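These notes are about the structure you will find just below.
Number of protein chains: 2
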Amino acid sequence: MTEFFNVLTPNDAILKITSNKSFPKSKTEIIDTFSAHNRINAKNIYSPTELPHFNRSSMDGYAIKSNDARGVSDSSPNYLEVIEEIKMGYVPNQTLKDGQCARIFTGGMIPNGADSVIMEEDTEILNENFIEIKKSLSVGENIIFKGEESKVNNKILNKGHKIRAQDIGSLLESGITKLLVHSKLNIGVLSSGDELIHPKEELQPAKIRDINTYTISNLIKSSGNEVTNYPIMPDNYESQLKIAKKAFQECDILIFSAGSSISYRDTTAKVIENLGKPGILVHGISVKPGKPTILGICDKKLILGLPGNPVSATMIFTNIVNPILNSMYNFTPINTYTECILSENISSHTGRVDYVPVKITNKDDKLYAKPVFGKSNLINTLVFSDGYISIPPAKRGLYKNSKVKVKKYEQ
Amino acid sequence: MTEFFNVLTPNDAILKITSNKSFPKSKTEIIDTFSAHNRINAKNIYSPTELPHFNRSSMDGYAIKSNDARGVSDSSPNYLEVIEEIKMGYVPNQTLKDGQCARIFTGGMIPNGADSVIMEEDTEILNENFIEIKKSLSVGENIIFKGEESKVNNKILNKGHKIRAQDIGSLLESGITKLLVHSKLNIGVLSSGDELIHPKEELQPAKIRDINTYTISNLIKSSGNEVTNYPIMPDNYESQLKIAKKAFQECDILIFSAGSSISYRDTTAKVIENLGKPGILVHGISVKPGKPTILGICDKKLILGLPGNPVSATMIFTNIVNPILNSMYNFTPINTYTECILSENISSHTGRVDYVPVKITNKDDKLYAKPVFGKSNLINTLVFSDGYISIPPAKRGLYKNSKVKVKKYEQ
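Protein chains in written order, with my numbering: chain A, 18 to 428; chain V, 18 to 428.
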């Protein structure tokens, strides 16, 4: 068994895994861009084409020669001949000469001879063939020029970027209908405990319903990956090893729930050590809750042991497992949070990170974060909270009225 | 046609829709709790049972009578008889008498007669039947008492709450395997424009690929709803009305892309007015980009007209459509963002909200937001940005080095 309580800081624990030479990166696959939402782009994407590929109007109005509007104003208008209405999606029929203009709409193709577009609001229709213009224009005004969106070989998307709605729009605009993305990871969840029964079963003396399988599997889905749930394992090393070996063949990653501490009943470490090399790299992280956590790599597969306590499991998944999964994708998310005023003092121990669930309330248009205290084994401390704050190891706590950053459990 | 440029502020526009007596709320349905992740809870949930339903140990150690540990310390230990090992998931066989203890593990059932648990680390095994205890304990120490998680009829979840991983855990812990949630909305997307071709087609002179259908449909998916995409509509009122009437029958909500302005080519308003009563309630919002937006209700269905410009469409979806959809669910999300230092001055006009895309960079451990300038018709201004900032109507801009809140496009 590995030495326990040789604890690492959260960052060191993550780094010890991600910097290991056996640390597995996710595979890649080609998919339709149409269905790439929330996938991680696996290759830098460069524009194959110039966009827009023709000069377009950005307004409803009239394409003109800006020279014809020189010195023009409300009190000193000019008059232009309307030689055609440029239909959307069609190439203009004529080239403008001095004193001529063409009716055009937003997105319409600028005719030869024109160098600007005067807005409808700055014109008056005189008759079928003539308009009055009442404003001067600079060259290029209200035109989106060829290549202004992107030039050939301009980089559009970085690898490691999570595909959003607008990214799909941009890729499709360039005609990129296939995309190389990181494959989703198939993560197996293995809960153990002789006291566990399925949530559909009636409560029995000394038994509790298994909730970790479902809490963890939904955290996995939220991280953009796939889940395989295995049946509850008994507190028996041989049975666990047998199930774990099967799961090891079927999944990219295994997450064990419970059995990660150091009592003789805790067999997760022993099971992991028998799945492959190098085995356990981290056993114990200087956080509360969640200290008895195991992080390992076996034959190039990530194998994790989360505490059986559902609050610890959630905090460790959010703060330790998620960053490791993101690293497999070369994905660095933006750190988002809600800034709040702490509504009461919180004490903590130096030398560890404390994760404290908080409820956010709005009072006089200010956001307050109120700690949800409770024994850390009780999942309702998470249910009654909107997010959590992290108290860094150097602090002995946080004072009432200090500013805190509240993070959500699932981003 | 409705009067345009009788613009409303974003908040007033949203309120004008959500406070209308025909404003539709989403339907509800009963689903499996196991698959309720990210759905909106539709009914307050109360605990049907006391949890835990027995006194549990929160540590690996020995269940004892705290009286037996009174005055005990490293230098003055006490000795206790170990009368049994309480197996996980089993009811203890014996009641403790003075001077007795029982081996117990985290989550194990506390035996009658015991009132606290001493941690393994604070004991020594003397022989098969006796241990030494080296620390005093208070009554109840390291015990999670019956009912400490929840009592019968305690409220677990509010209606309007978005179900997270831990919420599923808590519901299943209570044996709640079915849940009343809001039904997903089926939102039809109708893009129009004679210049549009399908993204799989080759570029042709004066034509552009339709990207709004796919940008908007992915924003809809991100909002937790379902999408029906309709084929590109021509710039022709009769054709549009015919397609819109079919879509109106098939969907809960319609979103039109393009044609929402006031030129004679813009037929969206006329189409919406012919779908039902009361029709258009808002035409024009004091924002940039996105001013020519239509919000309406027709025969109790929400009907929206977004600008054809994809940047405007994205900003309006994020800031106007999303809050309206959330209101249909009675859902109020937490406002999350990333606080950054603005890296340059931005000017804006008073009297409107400006949405400015920004790129976040990290320099000397500080986050900076750099505006991504560009014509607002170019979707790559969104692609090259990590989020956006909102400049309120009373401001003429924001100064370099001021603190800004950067929001993501999809939460």
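C-beta atoms are modelled at their ideal positions from N, C-alpha and C, and glycine is treated no differently. None of the values given here were measured: they were computed from a predicted structure.
Measuring straight from C-alpha to C-alpha, what distance separates residue i and residue j?
| i | j | result |
| --- | --- | --- |
| residue 425 of chain V | residue 428 of chain A | 11 Å |
| residue 89 of chain A | residue 76 of chain A | 19 Å |
| residue 263 of chain A | residue 268 of chain V | 45 Å |
| residue 97 of chain V | residue 225 of chain A | 29 Å |
| residue 18 of chain V | residue 39 of chain V | Here the model assigns residue 18 of chain V a pLDDT of 41, short of 50, so the residue's position is not dependable, and the following value carries that caveat. When rounded, the distance between both Cα atoms is 21 Å. |
| residue 340 of chain V | residue 31 of chain V | 7 Å |
| residue 408 of chain A | residue 356 of chain V | 19 Å |
| residue 143 of chain A | residue 104 of chain A | 21 Å |
| residue 335 of chain A | residue 107 of chain A | 53 Å |
| residue 175 of chain V | residue 399 of chain A | 14 Å |
| residue 291 of chain V | residue 36 of chain V | 22 Å |
| residue 305 of chain V | residue 331 of chain A | 41 Å |
Would you mind telling me which residues of chain V sit closer than 7 Å to residue i, beta carbon to beta carbon, in chain order?
| i | result |
| --- | --- |
| residue 366 of chain A | The premise fails here: residue 366 of chain A is roughly 16 Å from chain V at the closest Cβ pair, so nothing lies under 7 Å. |
| residue 226 of chain A | 189, 190, 192 |
| residue 105 of chain A | 210, 211, 212, 252 |
| residue 69 of chain A | 225 |
| residue 403 of chain A | 351 |
Anything in chain A within Cβ reach of residue i, meaning under 7 Å, just list it in chain order.
| i | result |
| --- | --- |
| residue 332 of chain V | By Cβ distance, chain A contributes nothing, its closest Cβ being about 10 Å from residue 332 of chain V, past 7 Å. |
| residue 122 of chain V | 280, 282 |
| residue 216 of chain V | 189, 192, 194 |
| residue 377 of chain V | 351 |
| residue 51 of chain V | 231 |
| residue 235 of chain V | 54, 182, 185 |
| residue 198 of chain V | Simply none; closest approach about 15 Å. |
With a 10 Å radius around its C-beta and 16 neighbouring C-beta atoms as the bar for buried, classify residue i as buried or exposed.
| i | result |
| --- | --- |
| residue 145 of chain V | exposed |
| residue 49 of chain A | exposed |
| residue 216 of chain V | buried |
| residue 271 of chain V | buried |
| residue 111 of chain A | exposed |
| residue 413 of chain A | exposed |
| residue 147 of chain A | exposed |
| residue 327 of chain A | buried |
Does the beta carbon of residue i sit closer than 8 Å to a beta carbon anywhere in chain V?
| i | result |
| --- | --- |
| residue 19 of chain A | Low confidence applies to residue 19 of chain A: its pLDDT is 45, below 50, so where it sits in the model is not reliable enough to give any reading. |
| residue 161 of chain A | yes |
| residue 255 of chain A | no |
| residue 143 of chain A | no |
| residue 238 of chain A | yes |
Between residue i and the rest of its own chain, which residues show a CB-CB distance below 8 Å, the 5 nearest in sequence each way excluded?
| i | result |
| --- | --- |
| residue 282 of chain V | 252, 276 |
| residue 20 of chain A | No answer about residue 20 of chain A holds up, because its pLDDT of 48 lies below 50 and its placement is not dependable. |
| residue 410 of chain A | 26, 303, 367, 368, 369, 370 |
| residue 54 of chain A | 180, 181, 182, 185 |
| residue 256 of chain A | 250 |
| residue 416 of chain V | 359, 362 |
| residue 159 of chain V | 74, 75, 76, 78, 133, 134, 135, 136 |
Can you determine whether any heavy atom of the ligand ADP sits closer than 7 Å to the C-beta of residue i, and answer yes or no?
| i | result |
| --- | --- |
| residue 135 of chain A | Absence of the ligand ADP from the depicted structure is noted, as is the absence of any ligand whatsoever, leaving it without description. |
List, in chain order, every chain A residue whose beta-carbon is nearer than 8 Å to that of residue i.
| i | result |
| --- | --- |
| residue 327 of chain V | 183, 186 |
| residue 305 of chain V | Here the premise fails: no neighbours, minimum Cβ distance about 13 Å. |
Can you find a CB in chain A that lies within less than 8 Å of the CB of residue i?
| i | result |
| --- | --- |
| residue 211 of chain V | yes |
| residue 390 of chain V | no |
| residue 66 of chain V | yes |
| residue 287 of chain V | no |
| residue 75 of chain V | yes |
| residue 173 of chain V | yes |
Counting only the same chain and skipping the five closest in sequence on each side, list residues whose C-beta sits under 6 Å from that of residue i.
| i | result |
| --- | --- |
| residue 345 of chain A | 42, 43 |
| residue 309 of chain V | 277, 278, 324 |
| residue 317 of chain V | 39, 41 |
| residue 165 of chain V | none |
For a contact meaning CB atoms closer than 8 Å, what does residue i contact in chain V?
| i | result |
| --- | --- |
| residue 427 of chain A | 181, 182 |
| residue 126 of chain A | 222, 223 |
| residue 395 of chain A | 161, 165, 166 |
List, in chain order, every chain V residue whose beta-carbon is nearer than 9 Å to that of residue i.
| i | result |
| --- | --- |
| residue 298 of chain A | Correct list: empty, because the minimum Cβ distance to chain V is about 24 Å. |
| residue 354 of chain A | 353, 354, 355, 356 |
Can you give me the Cβ contacts of residue i inside the same chain, cut-off strictly under 7 Å, excluding the 5 residues immediately before and after it?
| i | result |
| --- | --- |
| residue 418 of chain V | 358, 359 |
| residue 338 of chain V | 321 |
| residue 201 of chain V | 241, 242, 243 |
| residue 235 of chain A | none |
| residue 376 of chain V | 387, 389, 401, 402, 403 |
| residue 139 of chain V | 150, 151, 152 |
| residue 297 of chain V | 19, 286, 289, 290, 311, 313 |
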